[in-house]
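Count along the sequence shown from 1, then add 559; that gives the number in my numbering. Each residue gets a CB set at the ideal place from its N, CA and C atoms; glycine is no exception. Have a look at the structure below before the remarks.
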Amino acid sequence: MMPRFIRINGQTREDRHDMISKVNTAISNSGAWILNFKMFSNRLINILFEVPTNNIDKLYASLLDTGLELYEESKALLEECSNQQKYVNDDFDIAGTLQVTFIHNEPDLKIDVPPFDL
Numbered sequence: 560m561m562p563r564f565i566r567i568n569g570q571t572r573e574d575r576h577d578m579i580s581k582v583n584t585a586i587s588n589s590g591a592w593i594l595n596f597k598m599f600s601n602r603l604i605n606i607l608f609e610v611p612t613n614n615i616d617k618l619y620a621s622l623l624d625t626g627l628e629l630y631e632e633s634k635a636l637l638e639e640c641s642n643q644q645k646y647v648n649d650d651f652d653i654a655g656t657l658q659v660t661f662i663h664n665e666p667d668l669k670i671d672v673p674p675f676d677l
């Protein structure tokens, strides 16, 4: 059975700006849509997306082409979803997150949060 939500995790030692651009292109080229993203310092980005069920194999292939090192659990999930595509009668969108951890020796990036009144 095709899940309604998927979590994909990976890591890289590549420049974060380059990798963010690559995964953005990979998601877009696979027919998926980026709904939101959140940067956690310069160590991690979490991207919320939706992908049509019939494009999961394209998303998987596109992410592999970026050079992002996907975790084994994420590979297994994407392979299983790709295999299930042929059994899905109704095409629907699956929501998911892609979490990319950046491995580097740079100091933490400080992001100023403006004050707000409640």
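Please return the same chain residues whose Cβ sits closer than 6 Å to the Cβ of residue i, not counting the five positions on each side in sequence.
{"i": "D650", "result": "P611, T612 and N613"}
{"i": "R566", "result": "T656"}
So, using beta-carbon positions, are residue i and residue j closer together than 7 Å?
{"i": "L622", "j": "A585", "result": "yes"}
{"i": "Q658", "j": "N568", "result": "yes"}
{"i": "K617", "j": "S589", "result": "yes"}
Assuming residue i and residue j are in contact, meaning their beta carbons sit under 8 Å apart, how far apart are those beta carbons, in whole angstroms?
{"i": "N601", "j": "E665", "result": "6 Å"}
{"i": "L681", "j": "F661", "result": "Given that the chain is displayed from residue 560 to residue 677, the structure contains no residue 681 and the question cannot be resolved."}
{"i": "T571", "j": "E628", "result": "6 Å"}
When DSSP builds the beta bridges, which residues end up paired with residue i?
{"i": "A654", "result": "F564 and E609"}
{"i": "K597", "result": "N605"}
{"i": "E628", "result": "Q570"}
Against chain C, does residue i count as a neighbour if the rule is that its beta carbon must be under 7 Å from one of theirs?
{"i": "Q658", "result": "Among the protein chains of the structure shown there is no chain C, as only one such chain exists."}
CB-CB under 8 Å to residue i, same chain, minus the five flanking residues each way: which ones, in chain order?
{"i": "M560", "result": "Q643"}
For residue i, which option in the options has the closest C-alpha, if you only look at C-alpha atoms?
{"i": "S641", "options": "M598, P673, M578 and I615", "result": "I615"}
{"i": "M578", "options": "D667, D676, F675 and D624", "result": "D624"}
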